[in-house]
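One structure below.
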């Protein structure tokens, strides 16, 4: 997919809304549509909106195989993460004050954990292995009697690497700690079965799965029951867990997006897998390229590559006709290399030179071929400009050089 | 990304036409060449600047310059901007160049000012190297 001749390969950042989803959303906005407040119990405008919201809830529940009553609407995955982490920790603080998470979580998990530290909780930040996987055994060794919550992401947003959440869930269940999973990158990419997986809370986002921005959901298990302290009060919507008038059109959009994801997951996967394989094959032909993450244990829609001797931001600037991301979009305004890659033990210079390519439903053959052509060319030109490349060609080991760091 | 059009243009021109923009190297052992290299890969930028000078009166004049830069678009644009300022200058004039001139020429945002500092330091170092050889 491309607009104004820019190729979009940043689907892990956000996806366009599927036109089928947008059409459906339009039915819930205008005077001719079902614009009612789902909380209005006394007239058909409210009833119709409520019906649509509940249908959407079922679509979300169907995709992850849970009870629709276990789905709580939020403004997005960030709010869902906040609600799960702060909500559980604060509700159960008399039971324990220890939380376990990992160093490569999204900021929407790390920042609430930092906040809880300020409130007196103790947080353990686990190191992933060099592929970006948080091992169940690391959880097992970190868990203790005072652990109330473990929060581990399903798919890492920068690497695409998968964690074994079913296995981690068994450990947390055994130790009586609640288990929250950030699954913002998972929906429509891998199958999730919450009936089988011992997971207590799971965060979802609509806009990574061809739905609109500004809507997400939190799965809150009913059996065994998980309780939380609400973050937002005012009206007691969503069984008191999240007050505020429900955004019918957004919710309908998320429902429709997840319904389509459920129906078309296999088709999307086959196409994206094909592009991933082609991309990987070609990118490996470039010298000194490193694939970050675990090729044997990752989703094909995300491919994170470091191009040694080339700095990532300049590479992105050189790839001006291609929309990609260096690290996570939230941090690309700062000078820090990706904290995720650093946590894997990647050298800073490789962390500085990483690019995340992410493919999606609307990616086509031309997008992939054109990107590969441009990429090879730009990497070559930037290396011609790079004193590090020159030193490398001269046979100098860069690790032995004494730098005049700033 | 808050890049000015000037940074983008300078970066792209340098990338697309490296020779015209003085990308390259001189033999660092030549007695009329001074080399400066500042920054570190771990910090995300390394700038290498070389000046070729010849005596003129009781001073020396920069006849030609070559550079290579590893870094963000602003770092590359800053080096390229500096290189343009240098040719024909005496060493005294070159020493007097301040990073703020690069900031202004490229309209660098505050977060990228260190790129211009790096450029200023690279010329200072190159001159020092040249002077020790004389």
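Chains as they are written, first to last, in my numbering: chain A, 1 to 406; chain B, 407 to 540. C-beta atoms are modelled at their ideal positions from N, C-alpha and C, and glycine is treated no differently.
Cβ-Cβ separation, residue 301 (chain A) to residue 293 (chain A) (assumed contact under 8 angstroms), whole Å: In fact, because the Cβ distance is near 12 angstroms, the residues do not count as touching under 8 angstroms.
Residue 393 (chain A), buried or exposed, once every other Cβ within 10 Å from all chains shown has been counted against 16: exposed
6 angstroms CB neighbourhood of residue 511 (chain B) in its chain, flanking five on each side removed: 487
Rounded separation between residue 333 (chain A) and residue 516 (chain B) - CA only: A caution first: residue 333 (chain A) carries a pLDDT of 45, below 50, which makes its placement in the model unreliable, though a value can still be read off. One C-alpha to the other measures close to 12 angstroms.
CB contact check: residue 415 (chain B) to chain A, cutoff 8 angstroms: no
Selection from A:8, A:9, A:52 and A:341 that minimises the alpha carbon distance to residue 250 (chain A): A:52
CA-to-CA distance, residue 99 (chain A) to residue 150 (chain A), given in whole angstroms: 6 angstroms
Complete runs of the beta strand (DSSP E) confined to the region 69–134 of chain A [at least 3 residues]: 71–74, 98–102 and 122–126
Proximity test, Cβ basis, 8 angstroms: residue 482 (chain B) and chain A: yes
Within chain A, partners of residue 491 (chain B) - CB distance below 8 angstroms: Here the premise fails: no neighbours, minimum Cβ distance about 19 angstroms.
Buried or exposed (CB count within 10 angstroms, at least 16 for buried), residue 531 (chain B): buried
Contiguous beta strand (DSSP E) assignments of at least 3 residues, all confined to the region 268–300 of chain A: 289–292
Selection of the region 312–327 of chain A by Cβ proximity to chain B, strictly under 9 angstroms: 312, 313, 314, 316, 317, 318 and 320
Test item: CB-CB of residue 368 (chain A) and residue 275 (chain A) under 8 angstroms: yes
Cβ-based neighbour list, residue 492 (chain B), same chain, cut-off 6 angstroms, excluding 5 preceding and 5 following: 468, 471 and 500
Counted within 10 angstroms of its Cβ, other Cβ atoms place residue 375 (chain A) as buried (16 or more) or exposed: buried
Best match in A:65, A:216, A:41 and A:177 for proximity to residue 226 (chain A) [C-alpha to C-alpha]: A:177
Any C-beta of chain A under 8 angstroms from that of residue 436 (chain B): no
CB of residue 378 (chain A) within 8 angstroms of CB of residue 318 (chain A), strictly: yes
Chain-ordered neighbours of residue 342 (chain A) on chain B, where CB pairs are closer than 7 angstroms: The premise fails here: residue 342 (chain A) is roughly 11 angstroms from chain B at the closest Cβ pair, so nothing lies under 7 angstroms.
Separation of residue 78 (chain A) from residue 307 (chain A), as counted between CA atoms: 31 angstroms
Within-8 angstroms CB hit, residue 475 (chain B) to chain A: yes
Among A:168, A:159 and A:279, nearest to residue 346 (chain A) - alpha-carbon criterion: A:159
Residues from the region 511–528 of chain B in contact with chain A, defined by Cβ distance under 8 angstroms: 517, 520, 523, 524 and 527
For residue 143 (chain A), the nearest candidate out of A:37, A:54, A:101 and A:258 (CA to CA): A:101
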